[in-house]
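Chains as they are written, first to last, in the numbering used here: chain S, 3 to 335; chain X, 3 to 335; chain P, 3 to 335; chain W, 3 to 335.
For every residue, glycine included, the Cβ atom is placed at its ideal position computed from N, Cα and C.
Note that the structure is predicted; figures quoted are calculated from it, not measured.
4 protein chains.
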Amino acid sequence: MPIPARVLDPPFNITRTSHVVLEASDLAASRRFYTEVIGLVVTLESDEALYLRGVEEACHHSIVLRRASGAPACQRLGLRVFTERDLERAGETLARLGSEVRAVEVAHQGRTLHITDPFGFRLELCAHMPVEPRHITRFRGQRGGSALRIDHFQLLTPRLNEALAFYMGLGFSLTEYIAKDDEHIRAVFLQRKGNPHDIVLFAGDGPRLHHVAFTAPDAQCLLRACDVAGEIGFGRQVERGPGRHGPGHAMFVYFRDPDGHRVELFTTHYQVIDLENAPIRWDPDDPAVAYPWGLPAQRRWYEQATPMADTSIAPALPRPNPMTLERFLAERS
Amino acid sequence: MPIPARVLDPPFNITRTSHVVLEASDLAASRRFYTEVIGLVVTLESDEALYLRGVEEACHHSIVLRRASGAPACQRLGLRVFTERDLERAGETLARLGSEVRAVEVAHQGRTLHITDPFGFRLELCAHMPVEPRHITRFRGQRGGSALRIDHFQLLTPRLNEALAFYMGLGFSLTEYIAKDDEHIRAVFLQRKGNPHDIVLFAGDGPRLHHVAFTAPDAQCLLRACDVAGEIGFGRQVERGPGRHGPGHAMFVYFRDPDGHRVELFTTHYQVIDLENAPIRWDPDDPAVAYPWGLPAQRRWYEQATPMADTSIAPALPRPNPMTLERFLAERS
Amino acid sequence: MPIPARVLDPPFNITRTSHVVLEASDLAASRRFYTEVIGLVVTLESDEALYLRGVEEACHHSIVLRRASGAPACQRLGLRVFTERDLERAGETLARLGSEVRAVEVAHQGRTLHITDPFGFRLELCAHMPVEPRHITRFRGQRGGSALRIDHFQLLTPRLNEALAFYMGLGFSLTEYIAKDDEHIRAVFLQRKGNPHDIVLFAGDGPRLHHVAFTAPDAQCLLRACDVAGEIGFGRQVERGPGRHGPGHAMFVYFRDPDGHRVELFTTHYQVIDLENAPIRWDPDDPAVAYPWGLPAQRRWYEQATPMADTSIAPALPRPNPMTLERFLAERS
Amino acid sequence: MPIPARVLDPPFNITRTSHVVLEASDLAASRRFYTEVIGLVVTLESDEALYLRGVEEACHHSIVLRRASGAPACQRLGLRVFTERDLERAGETLARLGSEVRAVEVAHQGRTLHITDPFGFRLELCAHMPVEPRHITRFRGQRGGSALRIDHFQLLTPRLNEALAFYMGLGFSLTEYIAKDDEHIRAVFLQRKGNPHDIVLFAGDGPRLHHVAFTAPDAQCLLRACDVAGEIGFGRQVERGPGRHGPGHAMFVYFRDPDGHRVELFTTHYQVIDLENAPIRWDPDDPAVAYPWGLPAQRRWYEQATPMADTSIAPALPRPNPMTLERFLAERS
């Protein structure tokens, strides 16, 4: 499949990744993890839900954790559209494209549409949220990684090519991709807000949420998040890193939250607004893509992910076969 | 004057601050300053001009220094529009609004319009530039402040209210402003690209360019830029800071280049895309606006600025009377 | 006066700068300043005294603040000797050299000698303190500058040459000094613990304590201390910096505590143990000594200091005439 | 075996870890690694040897690499004594204790003794070296990890208890140790210069050099060293970390040089001079000792080390059985 052309005048204006709604079995443990290690700010909490936002965010929430029993799933992937008019057009367009679209009332955000995309991802679109003061200069309250704002989702789907075409049709721009050639794509990095990603799609069993990513102010914050994790009993939740990405160029670290949801903290993304930036292709066999230095990610980083609520998972064929830490160590000895 | 309403569907799409063209008396000295202290990358150089870009920038240039004799002026303030179609509409719209518009050939950038806005600022609009590899992961070559990308201009004009209305009419969004009340505005912070500023306007003798600002990766880079400045004979060019801004919340440092042009390096801007973010008003009499800690800026920071080439300067009335370092020290002793 | 020779086998072993005892008019304000801005840890507090130590310190205190009315003075400058036997020898030696020596009981430290040196500095020597857990890996509790440990005192005396000879006679090593030539010394940097300073002496009205200095983990901590100062109402207490020293090479920032006592946070000192390191002379007329970049210190940084309790102050002749910020600004305009 | 008592008045004064002499098969590759990644400064180079020192070091060398064919070994572990008189006493004392002692001429250092200690470690003692300017404020020349100075050696020996007694008899102070109880010691951290280590001894096949460690200015330098390693083809030489130590509390990263010699960069050591600091015991079964967060070290970090030149290696009994990365991954799956 050739890479689709960029759509300059999409049917509606998605502005950015907005928020994620995750299920949690123990809100107190989640609160501790997200505030102390990741460094998010609590906007609101109840027995049933915890609303968090980044240090610089004014919007009401970028993560919502809802108390649930059973295997914790992802309830919704939130995207923002620019205006209420864009929201209307989104509903019309996506329904026409065959997605299930439903207008719903959701507490603490404006008029909202629930949409299940053709690949099973449960989206949630809105144009407004209540605002709160930004904590960017409340230096004393900053904790752990001082996560500034939500940046992107990484999603797994067995239907990568179709998903790429679908999201580019909605106006997403492809910044980078991992592919042996344009027929054999493993991963695509798609953006709306002018930096490398809002949605990253990897070929894999899905639909699943691989991780949600927050921007941190600098690399020291990544290390401080790890140190605090070790201090308060989350040391084994540091799953990968700190390390450096190939695509996107970011310095990163990955954590697993108390329910196993994966969270990335990263720095150093670049601005990419201009049309002359052609998508950058990375060779999946080049170790510098996955680990420019140090060791590859352990197998569970590749294989484990959060399912969408009430959604069955289809296998990816052929099976991805990345260089895992386990294989790396075995092959070398 | 009430703050104008935000224009959601502007006549053409300005995407961001793009570049600045400055005159320089000694290109070798300028090269040394911009590469070693600020940390920019040389894209191209000749006897007549030096083209520089930030460490993460792919576009050909974000500063152009042109050899000139006489008092060094600012030749052009560059803005990007999204598409060639936007460029056409820009020309039509601005001509209709009474600006002088001229299609020109400019080396190393796409089709370009030269526009003098109603306040005397010499703009330059284009939709394309040649691209070069980003240096973001060329760690060994990073120098001084490792300036990542151009972020904004700060401009001085005696006609602040009119300029605010003009630029908001072109789709700029007001994020913050300094004003005793909405009738007495001293400064406005305007953006297109989703962070606090692309163009900052202060009331003052003008039209003049107060400074051009580049984003740095973290606060240590600001300090390293100062240290390198001291090491190579530019120690007296550190004019203000490191310090913390009120509006925009950034950590900053200001340098004067070898011709006296002012350059800011800063970190920690926030993302501001959503419509629910109302402009934030700052009280000009609150010291936390100008110096949340430490000492105020010296008088020359307030008073000196780069003129527009071939453009006369009109005085601002009433004269701004900010708390300068000189006044602060005198009043306290 | 030629620089005295280093004494390799001193009569007793002073190991390091240990602590300082300062008077405070409002212990609650002092607590807030030292814990939130400087980042010290409270070991013990009462209505009468506040005992603080650095994040990595195990000893009971490196600053003691004692409630006092009247102009706040410095009660004691604490030095550590290695063993109890060294303490005995210290008493004998200093008494023989004409200092007043008195054995005293001091809470929360071992056997203690009160000594007034020939220049009026009120010293306090001991070989032991109770120990507390180091907080070095209690990351969550770290605040402001995360001050790690006390490093040195800077003292003012009109009898600099004599004081240099006296302290070198006790085994202090001269690492750096500021002098037009060896006859006209303005400042000396003396150490025992293997880094550039334990005691710094400047020519000036004295005996007075110019500042006490704490080591911070890195330059970002200096900036965070400033930011927190601004946040909690101590923004005007940032008196100088952040900046870079000539002698000692440190990155620094100076604060005034709520009683006006001056505290330095700094990074980047070097190790200096070996005998082959000859003292380094700095030319007082070289601006790089006092401000390698940026602006000079304001006059009050040079002129104001904490008196020793119950001790009269003698003027330095000739008067020091350093380049102050006030003079710098006046001469340039 | 009970922990030996600290010797306060040792027969001679060892002041610090001084330098290491390693064999290298390709000096150009070593130069590239040590200057670009670790950030050392070249003092002198020839076809036969490369002399390097840290950014803040004045002494002529802290690593010497000598060209050699065959399996690269460690020729000498350098220690400094304070005075020439200490050097004489060192020779007398060590000969009396049964070590082989030989006075030798060594280029670029003062009078030198070659000593093989009872455990087969090839030591080299001297009291002087030529001095060079410190590069601490040559900011432009700083590379990679900006290694400041040599800090310590980590050594492997099957005779750990005896080696502990021997080195404490020479005046080394035990700061921390890893032991199930005082009879079953796995590792000891010994110091002379007032921070946690100069010599670290682990039970293991030996005598071997596990690593030489350099202090870096801050945690960002550790990450920059990794990034540069990845950039210039040494990405697979990042063997462990960045991570956090239990004992010593340091943030660390370990590299293998082009010949497989292991080098640590670390930050955040504490000062430990006072006698009241009792040795801290760590439980070897507590994961927080070896990996407070993240993953354990791979097996080769535990098992591979540099032999002493011309010295046979004796096995440690019982075999150490630490939690390796390989075992950790296997046990969890």
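* **Expected contact under 8 Å - CB spacing of proline 6 of chain S and methionine 170 of chain S to nearest Å** => Indeed they touch by this definition, with Cβ atoms about 4 Å apart.
* To do: For aspartate 259 of chain X, go through chain W and note every residue whose CB falls closer than 8 Å to its CB, in chain order.
  => The contacting residues do not exist; aspartate 259 of chain X stays about 18 Å from chain W at best.
* Below 8 Å, can you find three or more Cβ-Cβ pairs linking the segment 309-316 of chain X to the segment 259-266 of chain X? -> No: fewer than three Cβ pairs fall under 8 Å.
* To do: Could you tell me which chain X residues have their CB closer than 7 Å to the CB of valine 44 of chain W, listed as they occur along the chain?
  => For valine 44 of chain W, no chain X residue has a C-beta closer than 7 Å to its own C-beta; the minimum C-beta separation is roughly 16 Å.
* To do: Between the Cα of leucine 277 of chain X and those of X:Met310, X:Arg334, X:Thr308 and X:Asn197, spot the shortest distance and give me the residue it belongs to.
  => When X:Met310, X:Arg334, X:Thr308 and X:Asn197 are compared, the shortest CA-CA separation from leucine 277 of chain X is found for X:Asn197.
* Asked: Taking Cβ positions, are arginine 34 of chain S and glutamate 50 of chain S nearer each other than 8 Å?
  -> Not a contact, by the Cβ cut-off of 8 Å.
* Where in the segment 27-79 of chain S do unbroken runs of the alpha helix (DSSP H), each at least 4 residues long, occur, reported from the N-terminal end onward? -> Complete alpha helix (DSSP H) runs here, min 4: 29-34.
* chain P within 8 Å of glycine 147 of chain X, Cβ atoms only -> Output row for glycine 147 of chain X: interface = no.
* Asked: Using the beta-carbon count (16 or more within 10 Å), is asparagine 279 of chain W buried or exposed?
  -> With 16 or more other Cβ atoms inside 10 Å of its own Cβ, asparagine 279 of chain W counts as buried.
* Asked: At a cut of 8 Å, does the segment 147-154 of chain P reach the segment 210-220 of chain P through at least three beta carbon pairs?
  -> The segment 147-154 of chain P makes contact with the segment 210-220 of chain P: 3 or more CB pairs, one atom from each, lie closer than 8 Å.
* With 8 Å as the threshold, decide whether the Cβ of alanine 299 of chain X is near any Cβ in chain P. => No - not a single Cβ of chain P is within 8 Å of the one on alanine 299 of chain X.
* Strand pairing of isoleucine 201 of chain X, partner residues [DSSP] -> Answer is X:Phe155 and X:Leu192, bridged to isoleucine 201 of chain X.
* To do: Closer than 8 Å by C-beta to cysteine 128 of chain S: which residues in its own chain qualify, once you throw out the five before and the five after it? Chain order, please.
  => These residues qualify, in order along the chain: Ser20, Gly80, Arg82, Val83, Leu89, Val108, Gln111, Gly112, Arg113, Thr114 and Leu115.
* Asked: So which of S:Tyr304, S:His251, S:Ala231 and S:Arg98 has the shortest CA-CA distance to threonine 139 of chain P?
  -> Measuring from the Cα of threonine 139 of chain P, the nearest candidate turns out to be S:Ala231.
* Selection of the segment 38-62 of chain W by Cβ proximity to chain X, strictly under 8 Å -> For the segment 38-62 of chain W, which is checked against every Cβ of chain X, the residues closer than 8 Å are Glu38.
* **Inter-residue Cα distance where the pair is glutamate 328 of chain S and arginine 161 of chain S** => Computed Cα separation, rounded: 27 Å.
* **Interfacial residues, the segment 116-133 of chain S to chain X, with Cβ spacing under 9 Å** => Flagged, chain order: Ala129, His130, Met131, Pro132 and Val133.
* Reduced DSSP secondary structure (H/G/I, E/B, other) of glutamate 134 of chain P -> Residue state, collapsed to three classes: coil.
* **Touch test, the segment 179-193 of chain X against the segment 69-79 of chain X, Cβ-Cβ under 8 Å, three pairs minimum** => Per the Cβ contact rule, the segment 179-193 of chain X is not in contact with the segment 69-79 of chain X (fewer than 3 Cβ pairs under 8 Å).
* For serine 335 of chain X, does the count of other Cβ atoms within 10 angstroms reach 16, so buried, or fall short, so exposed? -> Serine 335 of chain X should be labelled exposed.
* Chain-ordered residues of the segment 185-206 of chain W with a beta carbon less than 7 Å from chain P -> Within the segment 185-206 of chain W, contact with chain P at the beta-carbon level (separation under 7 Å) is assigned to Lys195 and Gly196.
* To do: Would you list the one or two residues that DSSP bridges to alanine 318 of chain P?
  => Answer is none; alanine 318 of chain P lacks a bridge partner.
* Cα-Cα, which of P:Ala105, P:Ala205, P:Ser175 and P:Phe236 is closest to alanine 31 of chain P? -> From the listed residues P:Ala105, P:Ala205, P:Ser175 and P:Phe236, the smallest Cα separation to alanine 31 of chain P is found for P:Phe236.
* Kindly list the residues whose CB is nearer than 7 Å to the CB of phenylalanine 204 of chain W, restricted to its own chain and excluding five residues on each side of it in sequence; keep chain order. => Counting only Cβ-Cβ distances below 7 Å, and skipping sequence neighbours, we find Gln156, Leu158, Arg188, Ala189 and His212.
* Asked: Going along chain P, which residues have a C-beta under 7 Å from valine 222 of chain S?
  -> The sequence as given places glutamine at residue 222 of chain S; valine does not occur at that position. Here the neighbours are Gln222.
* leucine 24 of chain X: beta carbon under 7 Å from a heavy atom of the ligand FAD? -> Here there are no bound small molecules, and the ligand FAD is not part of this structure.
* Is the Cβ-Cβ distance between proline 2 of chain P and proline 244 of chain X less than 8 Å? -> This structure cannot settle anything about residue 2 of chain P, because the visible part of chain P is limited to 3 through 335.
* Taking only the alpha-carbon atoms, compute the straight-line gap between threonine 270 of chain P and cysteine 223 of chain X and give it to the nearest angstrom. => Inter-residue distance for threonine 270 of chain P and cysteine 223 of chain X is about 16 Å (C-alpha atoms, whole angstroms).
* Whole angstroms is fine: what's the gap from glutamate 333 of chain W's alpha carbon to leucine 192 of chain W's? => Answer to the nearest angstrom: the Cα atoms are 34 Å apart.
* In terms of alpha-carbon separation, which member of W:Asn323, W:Pro289, W:Pro260 and W:Leu42 lies closest to serine 27 of chain W? -> Checking every option, the nearest Cα to that of serine 27 of chain W belongs to W:Pro260.
* Asked: Which one or two residues does DSSP pair with valine 230 of chain X in a beta bridge?
  -> Residue pairing by DSSP places valine 230 of chain X in no beta bridge whatsoever.
* Identify the continuous beta strand (DSSP E) that holds methionine 253 of chain W and give its terminal residues. => 253-258 is the extent of the beta strand (DSSP E) around methionine 253 of chain W.
* Could you tell me which residues DSSP pairs with alanine 181 of chain P in its beta bridges? => Beta-bridge partners of alanine 181 of chain P (DSSP): P:Ile187.
* To do: Return the chain-ordered list of same chain residues with a C-beta closer than 8 Å to the C-beta of tryptophan 2 of chain W, the five sequence neighbours on each side being excluded.
  => This structure cannot speak to residue 2 of chain W, because chain W is shown only from 3 to 335.
* Return the chain-ordered list of same chain residues with a C-beta closer than 6 Å to the C-beta of phenylalanine 330 of chain P, the five sequence neighbours on each side being excluded. => Taking phenylalanine 330 of chain P as the centre and dropping the five residues before and after it, the same chain places the C-beta of Pro298 closer than 6 Å to its C-beta, in chain order.
* Asked: For glycine 143 of chain X, does the three-state DSSP call read helix, strand or coil?
  -> DSSP places glycine 143 of chain X in helix when its eight states are reduced to three.
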